[in-house]
Each structure stands twice: as C-alpha cells, then as structure tokens.
C-alpha cells in the first residue's frame with residue numbers, strides 16, 4: 048500500500064507543480080496545508096522534521112521518506128510511477144533542455160519575482176522588464192508547439208504553468224499586460240487551463256492578489 | 004593546462020581550467036571515457052561559439068554533442084550519464100530515492116554552501132570573512148553527516164564508484180584548498196570532518212579526476228587576478 052503525503056501551501060507555485068504532476072499520473076495522495084510559510088515558529092513539526100535544511104514546501108513524503116525541492120520531486124514521481132506517457136521525454140537531449148529551462152526560469156523568478164510585488168519605482172520597473180524578457184524567451188522556445196513538451200503536456204509545462212496564477216497580481220502592481228507582451232504564451236496558458244489537473248490546482252488569481260496585499264501589510268511593505 | 008584529446012570533433016566542451024563547473028563536466032566525460040575537444044574560453048571575454056551555443060546564459064561550461072548544445076554543469080553531467088549509458092559505470096544512483104537525495108545535496112551545495120566560499124575567493128566585502136568561513140564550516144559538518152549516511156561505509160558518495168554527488172562537491176575541492184592556503188585556515192580536516200578528509204584524498208587521486216583538478220599554486224595566482232578584476236567576473240563582456 049503506497050502512502051503519499053504532500054506538504055504544501057496554497058499560494059506556492061512549487062507546490063502546485065507537484066500537485067499537477069500527481070494528478071496527471073493519477074496518484075492518490077494526502078495533502079497537508081501549512082498554516083504559514085513565512086515564519087519558522089508557525090511551521091508544522093512534520094515540515095521541520097522532513098525538510099530541516101530549507102524548512103520549505105513542497106515536501107513529498109512517500110512511504111515515510113521525504114523528498115524536497117519541486118524539480119527533484121517531479122523527477123522522482125516520473126521515475127517511480129512509470130506510465131506509457133511519461134512526464135519527461137526519454138531522449139537525453141530533450142530532458143536536458145527541459146531541465147535547462149526550468150533552471151533558467153526558477154533563477155529568474157528568484158531574482159525578480161519578489162521585486163514585482165514588494166518593490167517600487169526603478170527596482171520594480173527593472174524587475175518587470177526582466178520578467179517580460181524571460182517570458183518572451185519562453186514564448187520563443189514554445190514556438191508553434193501546443194505545449195513545451197510538444198504534442199503532450201509534459202514536465203516543462205507542469206513546471207511553468209503555476210506562476211501564471213500570479214500574473215494578475217504582477218499586472219496590477221506593475222501596470223503591464225502579459226497578453227499584450229506575450230500573446231502566444233497566454234494562448235498556451237489558456238490551453239493548459241483546460242486540463243483538469245491544472246484547473247483543479249491553480250488558485251483564483253484574485254485570491255492570490257488579496258493574499259499578496261495581506262502579506263505586504265503583515266510585513267509592512269509599501 | 005587545456006588538453007586537447009583526439010576525437011572526431013563530435014564532442015566539444017567549452018570551458019576554462021579554473022572553473023569548478025567545467026571540472027564537473029570533464030570528470031563525467033572521463034568516467035564515460037568520452038573523447039572530446041576542450042575549447043578554452045578567455046577570461047572576461049565571451050567567444051562567438053559560446054554566444055551561439057548558449058545564447059540564454061552565455062556561460063561556460065557548454066557541451067556540444069554533434070549539433071546539440073547543453074548548458075549548466077549538473078544538467079550536462081546528467082546528460083552524459085544518460086547519453087552514454089552503455090559506456091562506463093553509471094553516474095547517478097540506480098534507485099529513485101537515492102537519486103533524489105543526491106540531487107538534493109547538490110542543490111544545497113550550489114545554492115547554500117558555495118556562495119560564501121565564492122565570496123571569500125572574490126574578496127567581496129558583503130560580510131566579515133570569519134562569518135563566511137563559519138558558514139562554509141557549518142556546511143561541511145552537514146556534508147560530513149550526509150556522506151556517512153549516503154556512502155554506507157564505502158569510499159564515495161556514489162558507493163564504490165564516484166557519482167553525481169562526488170562530482171558536484173568534489174569539483175570545488177581545489178578552490179576549497181586554495182582558500183585554506185590563502186586565508187591560513189583549516190576547513191576539511193581529519194579531526195573535524197574525518198570522513199570527508201578521507202573521501203577527499205581518494206577522490207583527488209581517482210583516474211577520472213586527477214588530471215582535471217587544477218594545481219593549487221596556479222589557482223592561487225589566478226585568484227589574485229580574479230580579485231583584481233571582480234567587475235569582469237560579475238559582468239563579463
């Protein structure tokens with residue numbers, strides 16, 4: 048009997064990646080929502096025990112063994128639950144490309160993500176330009192394909208789609224439109240949202256915006 | 004230092020001898036006995052080939068395999084493990100959970116452990132050097148514990164053979180030694196990190212490793228040059 052537990056928080060795009068992957072694979076799992084992800088004193092015992100180094104979600108606990116870091120979890124899920132249609136291409140080159148784009152995207156969102164909602168003025172503008180440039184590069188990589196994985200919704204699609212629930216927040220706070228800047232990227236977003244695994248997982252963008260405003264108030268960010 | 008191996012030109016590696024990230028790719032290619040042309044980049048300048056083969060990050064290492072360009076050191080190492088799966092020993096562990104653990108520690112090494120070490124090498128004044136050294140030491144204690152759990156009594160993180168985590172961590176050893184010499188400190192030592200001290204000796208003597216780890220005196224001279232040109236490190240042309 049497989050026991051799969053996912054520790055998460057509803058606004059984390061990294062957690063959403065794992066949820067989508069589990070749903071795509073039809074894997075039954077128990078989801079445990081953390082009360083708060085900002086302060087260690089509010090984090091669950093289980094999280095602190097399972098991820099003592101980073102103390103962050105997502106953590107997948109498979110038969111008692113914790114696996115941390117979203118991309119590592121996605122690769123683990125694909126390796127353990129093998130199906131005819133895998134999340135990852137079997138070709139080493141396409142696997143390398145998917146890993147590369149996820150790494151690139153994650154580094155970009157780490158450097159400019161917070162500035163989009165927490166900063167103002169030139170810092171925020173610079174972050175906005177960097178973020179749009181990143182989306183344009185991804186749009187170019189997508190090309191004419193329906194998905195980043197080609198004909199199939201695959202690992203890179205799963206890794207990228209969650210951040211899109213923050214687009215409304217970024218657009219409101221930074222005053223730009225992703226649709227205007229990257230229309231093909233938005234076509235891909237709408238296509239992905241037709242999949243049940245995505246529509247069931249991504250939260251309402253308006254709720255995400257309200258949450259960001261609450262966080263700003265809580266930490267006194269103007 | 005750059006050695007050009009005989010090859011039919013099918014495999015090329017763009018890199019530079021001091022870079023630990025390039026060293027990772029070289030060790031992996033050696034494990035798989037892949038012949039390759041090593042194309043040395045000039046410090047502070049980006050060649051046309053680099054800009055063409057890695058237009059997004061514009062960074063070394065880049066592995067060019069036929070018409071395919073692969074960038075980012077550990078992505079290259081995983082590619083080598085997968086593309087040459089029938090040649091030489093495997094680089095990643097065979098069990099998914101063991102792979103997840105190896106990948107996790109690699110993430111920790113790159114994201115948390117290496118940055119203070121890099122800051123010391125570059126002579127950045129972001130915080131007092133003692134604090135950076137303390138972070139490096141704390142990380143080594145965690146890695147000592149990880150080694151004891153992962154190696155299961157064998158010589159390497161990968162067991163009997165060097166593997167993904169040995170390569171990822173071991174690639175920094177020459178720089179670690181350089182910092183010990185230039186700062187007059189001890190970081191890996193048989194009294195504080197006995198298992199890592201033993202592992203370090205065996206790793207550095209391994210056939211796939213010994214010719215690609217740069218000599219310490221050369222790295223010390225290079226690090227002086229780096230400190231004098233920190234701008235170029237952060238914003239290469």
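Residue numbers (our numbering), protein chains in the order written: chain A, 48 to 269; chain B, 4 to 240.
Every residue gets a Cβ at the ideal spot worked out from N, C-alpha and C, and that includes glycine.
Fair warning: this is a prediction, and the values are worked out from it, not measured in the lab.
Compute the Euclidean distance between the alpha carbons of residue i and residue j, then round it to the nearest angstrom.
i: residue 6 (chain B); j: residue 37 (chain B); result: Its pLDDT being 47, under 50, residue 6 (chain B) is placed unreliably in this model, and the value from its coordinates should be taken loosely. In a straight line, the C-alpha of residue 6 (chain B) is about 14 Å away from that of residue 37 (chain B).
i: residue 157 (chain B); j: residue 163 (chain B); result: 6 Å
i: residue 8 (chain B); j: residue 208 (chain A); result: Bear in mind that a pLDDT of 49 at residue 8 (chain B), under 50, signals an unreliable position, so the number given afterwards is only what the model happens to contain. Cα to Cα, residue 8 (chain B) sits roughly 43 Å from residue 208 (chain A).
i: residue 190 (chain B); j: residue 140 (chain B); result: 6 Å
i: residue 155 (chain A); j: residue 232 (chain B); result: 25 Å
i: residue 206 (chain B); j: residue 193 (chain B); result: 15 Å
i: residue 107 (chain B); j: residue 101 (chain B); result: 10 Å
i: residue 146 (chain B); j: residue 198 (chain B); result: 10 Å
i: residue 213 (chain B); j: residue 266 (chain A); result: 51 Å
i: residue 4 (chain B); j: residue 228 (chain B); result: The pLDDT assigned to residue 4 (chain B) is 35, lower than 50, so where the model puts this residue is not dependable; a value taken from the coordinates is nonetheless given after this. One C-alpha to the other measures close to 17 Å.
i: residue 129 (chain B); j: residue 135 (chain B); result: 9 Å
i: residue 43 (chain B); j: residue 87 (chain A); result: 46 Å
i: residue 92 (chain B); j: residue 98 (chain B); result: 15 Å
i: residue 21 (chain B); j: residue 40 (chain B); result: 17 Å
i: residue 124 (chain B); j: residue 123 (chain A); result: 35 Å
Quick check: is the beta carbon of residue i nearer than 8 Å to any beta carbon in chain B?
i: residue 143 (chain A); result: yes
i: residue 184 (chain A); result: yes
i: residue 74 (chain A); result: no
i: residue 115 (chain A); result: yes
i: residue 243 (chain A); result: no
i: residue 262 (chain A); result: no
i: residue 153 (chain A); result: no
Could you check whether the Cβ of residue i sits closer than 8 Å to any Cβ belonging to chain A?
i: residue 28 (chain B); result: no
i: residue 93 (chain B); result: no
i: residue 183 (chain B); result: no
i: residue 167 (chain B); result: no
i: residue 106 (chain B); result: yes
i: residue 223 (chain B); result: no
i: residue 204 (chain B); result: no
i: residue 137 (chain B); result: no
i: residue 13 (chain B); result: no
i: residue 75 (chain B); result: yes
Specify the secondary structure class of residue i as computed by DSSP and reduced to three states.
i: residue 109 (chain A); result: strand
i: residue 259 (chain A); result: helix
i: residue 73 (chain A); result: coil
i: residue 101 (chain A); result: coil
i: residue 135 (chain A); result: coil
i: residue 229 (chain A); result: coil
i: residue 78 (chain A); result: strand
i: residue 18 (chain B); result: strand
i: residue 13 (chain B); result: coil
i: residue 84 (chain B); result: helix
i: residue 52 (chain A); result: strand
i: residue 212 (chain B); result: coil
Could you check whether residue j and residue i sit closer than 8 Å to each other, using their CB atoms as the reference points?
i: residue 29 (chain B); j: residue 171 (chain B); result: no
i: residue 97 (chain A); j: residue 84 (chain A); result: no
i: residue 145 (chain A); j: residue 202 (chain A); result: yes
i: residue 212 (chain A); j: residue 252 (chain A); result: yes
i: residue 23 (chain B); j: residue 174 (chain B); result: yes
i: residue 66 (chain A); j: residue 53 (chain A); result: yes
Ignore the nearest five residues each way along the sequence and tell me which others in residue i's own chain have a CB closer than 7 Å to its CB.
i: residue 162 (chain A); result: 170, 171, 174
i: residue 80 (chain B); result: 27, 28, 31, 94, 167, 170
i: residue 56 (chain B); result: 17, 65, 67, 72
i: residue 64 (chain A); result: 117, 121, 205, 206, 209
i: residue 87 (chain B); result: 35, 37
Leaving out the 5 sequence neighbours to the left and right, which residues in its chain are closer than 6 Å to residue i when beta-carbon positions are compared?
i: residue 46 (chain B); result: none
i: residue 161 (chain B); result: 169
* **Within 8 Å of chain C by C-beta, residues of the segment 40 to 60 of chain B in sequence order** => Considering every chain present, this structure includes no chain C. Its protein chains are A and B.
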